[in-house]
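Undergrad: If you scroll down you'll find the structure; I have some questions about it.
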DNA sequence: GAATCTACGGCACCGGGTGCCACAGGGAAA
DNA sequence: TTTCCCTGTGGCACCCGGTGCCGTAGATTC
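Protein chains in written order, with this note's numbering: chain A, 1 to 236; chain B, 1 to 236.
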């Protein structure tokens, strides 16, 4: 049956139109179903709740993000991987700017939808955190850093996305996210992966590490270099 | 009427007991009201929704947090102020460990309550962000840093709170939050008030950053130093 | 003692969400 | 072709959270 996908799309379209025209509270599920030309019962076959009609394929997006993280290259810095995952999430909005903007305007004014969106974001953050946990040792301080790092990346993503939506969804938000993530990961990245090298010899003032590199080097690379340098002279 | 406060407390007590005993979904508002010895209509006079009964004075807490931030000393570093605000939020849980733990166990297993909690947390984060915005210039990069900093502090708070609750709410969580915040603010603080370094001059091979520091220096401090060094020669 | 205010109870109603059964159509196996 | 099954759908009844409205009892004020 080819119409199976149509019904779902018709329902979201009807929902968004009616919400925008008559308001969220004053739009019943009956009205949405009627506009889409199906029965009320069919609506709840496609969406768990009234709010879900606004975020149709959210579960699929989250699953895709999890898949991306699961298949990520194990040698890439973890902070960069979740950064690219943030780009992936952003792309899901940026691929259809018109819908994204309409949904944003709606979400901003309707409380239940806003709460829905917040919980959706928290699920992404949770997925990011779990990914970082898989890559770090289980110490409490590492877990703290993982959660902070995930929160930071999500915050950067949200900032760029919101600014882009507020401006009407014009242009490509990806470069802006890239820049924001560069700024954030420069600080968070090294701190995140900052396990101790060999113990410092506090009594030896000459036991130092010297690093020279071009200005603008990504901080995660700085961290790599410093750790490499630390290990290099480990057996002096 | 002295019983006016009693009814509210009785209702939350009845709700938590019944939720724990019979599950959230299988507990109707009628049952809660009956157990508290009042009518169903009275329940909705005290709480906007069924979930609200579990988080009785959440609005008051948020208001207290806002008040704290509004009356904060203007000369204190912003990152420290929201850190102390996080301690204030933590104290609201830690003041009644038994209730907090019961509520945590409940919240963890019941989805609607978990979503409620998440939106509650997001409100705190929003308040933190707005406070930082009031203290920073309105540039886009400053706003980004504000949001990341607020997210980081909230994440640290959540981590400490959750670990404390998971362990049964024994002991004082404040020292642990203090330590977590020390670790986080050491990285975020300078970055928050510092701003990004100047862009790299890729065509100038002499445009390098040199950092020398004791072996074993935590990586977050390396990042701090590198950024400081980057800014230091900004006007050469 | 009358007026007023506040908290509460009872009631009817709306609407989101679910369970159940029936049915239509299309494809695969007989 | 016939039979069977599977999937998407419609219709119905029902539960329950949440609201509006009105009445009332008790406490307070003048």
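Quick reminder that beta carbons are idealized off the backbone N, C-alpha and C, glycines included. Here the structure is a predicted model, which is why all the values come from computation and not from measurement.
(1) Compare the C-beta of residue 132 (chain A) with all C-beta atoms of chain B and state if any pair is closer than 7 Å.
(2) Just by C-beta distance, which residues in the region 99–125 of chain B are closer than 7 Å to chain A?
(3) Considering Cα atoms alone, identify which of B:96, B:11, B:189, B:149 is closest to residue 49 (chain B).
(4) Answer yes or no: does any C-beta atom of chain B fall closer than 7 Å to that of residue 58 (chain A)?
(5) For residue 125 (chain A), is the classification buried or exposed, using 16 other Cβ atoms within 10 angstroms of its Cβ as the cut-off for buried?
(6) Only counting the same chain, and skipping five residues up and downstream in sequence, which positions put a Cβ closer than 7 Å to that of residue 40 (chain A)?
(7) Distance cutoff 7 Å, beta carbons only. Does residue 81 (chain A) sit that close to anything in chain B?
(8) Kindly indicate which residue of B:179, B:19, B:8, B:7 has the alpha-carbon position closest to the one of residue 103 (chain B).
(9) Starting from residue 63 (chain B), find everything on chain A with Cβ-Cβ shorter than 7 Å and list it in chain order.
(10) How about residue 68 (chain A) and residue 91 (chain A): are their beta carbons less than 7 Å apart?
(11) My understanding is that residue 154 (chain A) touches residue 184 (chain A), with C-beta atoms under 8 Å, so please give their C-beta distance in whole angstroms.
(12) In the DSSP assignment, find the alpha helix (DSSP H) that holds residue 99 (chain A) and state where it starts and stops.
(13) Using 7 Å as the limit for Cβ to Cβ distance, is residue 78 (chain B) near chain A?
(14) Please confirm whether residue 147 (chain B) has its beta-carbon closer than 7 Å to some beta-carbon of chain A.
(15) Under 7 Å, Cβ to Cβ, is there at least one residue of chain B near residue 159 (chain A)?
(16) Run through chain B and tell me which residues come within less than 9 Å of residue 184 (chain A), C-beta to C-beta.
(17) Give the range of the alpha helix (DSSP H) segment to which residue 51 (chain B) is assigned.
(18) Under 6 Å: does the beta carbon of residue 80 (chain A) sit that close to some heavy atom of the ligand ATP?
(19) Using the C-alpha atoms, what's the distance from residue 63 (chain B) back to residue 144 (chain B)?
(20) So that I know if they touch, is there some Cβ in chain A lying closer than 7 Å to that of residue 187 (chain B)?
(21) So, using beta-carbon positions, are residue 192 (chain A) and residue 16 (chain A) closer together than 7 Å?
(22) Using a Cβ-Cβ distance cut-off of 7 Å, determine whether residue 152 (chain A) contacts chain B.
(23) Does the pairing of the region 159–171 of chain B with the region 94–114 of chain B give three or more beta-carbon distances under 8 Å?
(24) Near residue 56 (chain B), which residues of its chain fall below 7 Å by C-beta distance, leaving aside the five closest residues on each side in sequence?
(25) Could you spell out the range, first to last residue, of the alpha helix (DSSP H) harbouring residue 23 (chain A)?
(26) Taking residue 146 (chain A) as the reference, give the member of A:24, A:189, A:76, A:14 with the closest Cα.
(27) Under 8 Å between beta-carbons, which chain B residues line up against residue 163 (chain A)? List them in chain order, please.
(28) Which residue's Cα is closest to the Cα of residue 120 (chain A): A:14, A:101, A:52, A:156?
(29) Confirm, please, whether the CB-CB distance from residue 176 (chain A) to residue 238 (chain A) is below 7 Å.
(30) Measuring alpha carbon to alpha carbon, tell me which residue in A:179, A:150, A:186, A:123 is nearest residue 140 (chain B).
(31) Please return the same chain residues whose Cβ sits closer than 6 Å to the Cβ of residue 36 (chain A), not counting the five positions on each side in sequence.
(32) Would you call residue 138 (chain A) buried or exposed, if buried means 16 or more other Cβ atoms sit within 10 Å of its Cβ?
(33) Is the beta carbon of residue 72 (chain A) closer than 7 Å to that of residue 81 (chain A)?
(34) I want to verify the contact list: residues of chain B whose CB lies under 9 Å from the CB of residue 85 (chain A), in sequence order.
TA: In short, the structure shows the following:
(1) Not a single CB atom of chain B sits nearer than 7 Å to the CB of residue 132 (chain A).
(2) Residues of the region 99–125 of chain B that bring their beta carbon within less than 7 Å of a beta carbon in chain A comprise 115, 118, 119, 122, in sequence order.
(3) The residue with the shortest Cα to Cα distance from residue 49 (chain B) is B:11.
(4) It does not; no Cβ of chain B falls within 7 Å.
(5) Buried.
(6) The residues are 29, 30, 33.
(7) In terms of beta-carbon proximity, residue 81 (chain A) stays away from the interface with chain B, with every pair separated by 7 Å or more.
(8) The shortest C-alpha separation from residue 103 (chain B) is found at B:19.
(9) When 7 Å is used as the limit between beta carbons, residue 63 (chain B) is near no residue of chain A, the shortest such separation being about 18 Å.
(10) Taking a C-beta distance under 7 Å as the contact criterion, residue 68 (chain A) and residue 91 (chain A) do not qualify as a contact pair.
(11) Rounded, the Cβ-Cβ distance is 10 Å, inconsistent with contact.
(12) Residue range 97–109 is occupied by the alpha helix (DSSP H) that includes residue 99 (chain A).
(13) The beta-carbon of residue 78 (chain B) is placed no less than 7 Å from the nearest beta-carbon of chain A.
(14) At a cut-off of 7 Å between C-beta atoms, residue 147 (chain B) counts as an interface residue with respect to chain A.
(15) Under the Cβ distance rule, residue 159 (chain A) counts among the residues neighbouring chain B, one pair being separated by less than 7 Å.
(16) Contact of residue 184 (chain A) with chain B by beta-carbon distance below 9 Å involves 144, 145, 148, 191.
(17) From DSSP, residue 51 (chain B) is part of no alpha helix (DSSP H); its letter is neither H nor E.
(18) Ligands displayed in this structure: none; no statement on the ligand ATP is therefore possible.
(19) Taking the straight line joining both Cα atoms gives about 25 Å.
(20) Answer yes: the Cβ-Cβ gap between residue 187 (chain B) and chain A drops below 7 Å somewhere.
(21) Their beta carbons are not under 7 Å apart, which means residue 192 (chain A) does not touch residue 16 (chain A) by this criterion.
(22) Yes, because at least one Cβ of chain B sits closer than 7 Å to the Cβ of residue 152 (chain A).
(23) As far as the Cβ criterion goes, the region 159–171 of chain B touches the region 94–114 of chain B, which means the pair count is three or higher.
(24) Once the five neighbours on either side are set aside, the close Cβ partners of residue 56 (chain B) are 8, 12.
(25) It is not in any alpha helix (DSSP H) - residue 23 (chain A) carries neither H nor E in the DSSP assignment.
(26) A:189 is the residue among A:24, A:189, A:76, A:14 whose C-alpha sits nearest the C-alpha of residue 146 (chain A).
(27) Correct list: 140.
(28) Distances from the CA of residue 120 (chain A) to each of A:14, A:101, A:52, A:156 were compared; the closest alpha carbon is that of A:52.
(29) Only positions 1 to 236 of chain A appear in the structure, and residue 238 (chain A) is not among them; the question remains open.
(30) Residue 140 (chain B) has its Cα closest to that of A:179, out of A:179, A:150, A:186, A:123.
(31) In its chain, beyond the 5 residues on either side, 10, 11, 14 have a beta carbon closer than 6 Å to the beta carbon of residue 36 (chain A).
(32) By the 10 Å Cβ count, residue 138 (chain A) comes out exposed.
(33) Yes. Within cutoff.
(34) The contacting residues do not exist; residue 85 (chain A) stays about 16 Å from chain B at best.
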